[in-house]
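Written out below as structure tokens is the structure these notes cover.
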Amino acid sequence: MDLLEIFKALSNRTRLEILKGLKDPVNSFPPQDEGDVHTVGVCVSSIQEGVGLSQSTVSDYLATLQRAGLVEATRIGSWTYYKRNEGAISALAQIIGKEL
615 MDLLEIFKAL SNRTRLEILK GLKDPVNSFP PQDEGDVHTV GVCVSSIQEG VGLSQSTVSD
675 YLATLQRAGL VEATRIGSWT YYKRNEGAIS ALAQIIGKEL
């Protein structure tokens, strides 16, 4: 776990808001047509609409969160869905509590 990469990813307000929103996707983002958001994740277009930024910016932010290990991506057809990596977030919380 690269703490510096994680803290860099979380240092942007919108990326932090996306990660918070993915904790409660039903109430944080507009509904989507396919799949259960808790199982599959939230599609980029729904996240984009929820945060009010361009698709390319949201995709870049999600890629940063994914590289940091905080979100996981699932590709279904031409759509990509994102959800939180709860294991990594729990591990981060333990590290912060123990080492920082």
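Numbering (our numbering), first residue to last: 615 to 714.
For glycine and all other residues, C-beta sits at the position ideal for the given N, C-alpha and C.
If you're wondering where the values come from, they're calculated on a predicted model, not measured in any experiment.
Membership of residue 672 in the alpha helix (DSSP H) is indicated by the continuous run 669-681. Where residue 665 is concerned, the enclosing alpha helix (DSSP H) starts and stops at 658-665. With a 10 Å radius around the Cβ and a threshold of 16 neighbouring Cβ atoms, residue 669 comes out exposed. Closest in C-alpha terms to residue 629, from the list 706, 690, 704 and 685, comes 685.
For residue 654, the closest of 710, 696 and 645 by C-alpha to C-alpha distance is 696.
Between residue 631 and residue 682, the C-beta gap is not smaller than 7 Å, which leaves the two residues out of contact.
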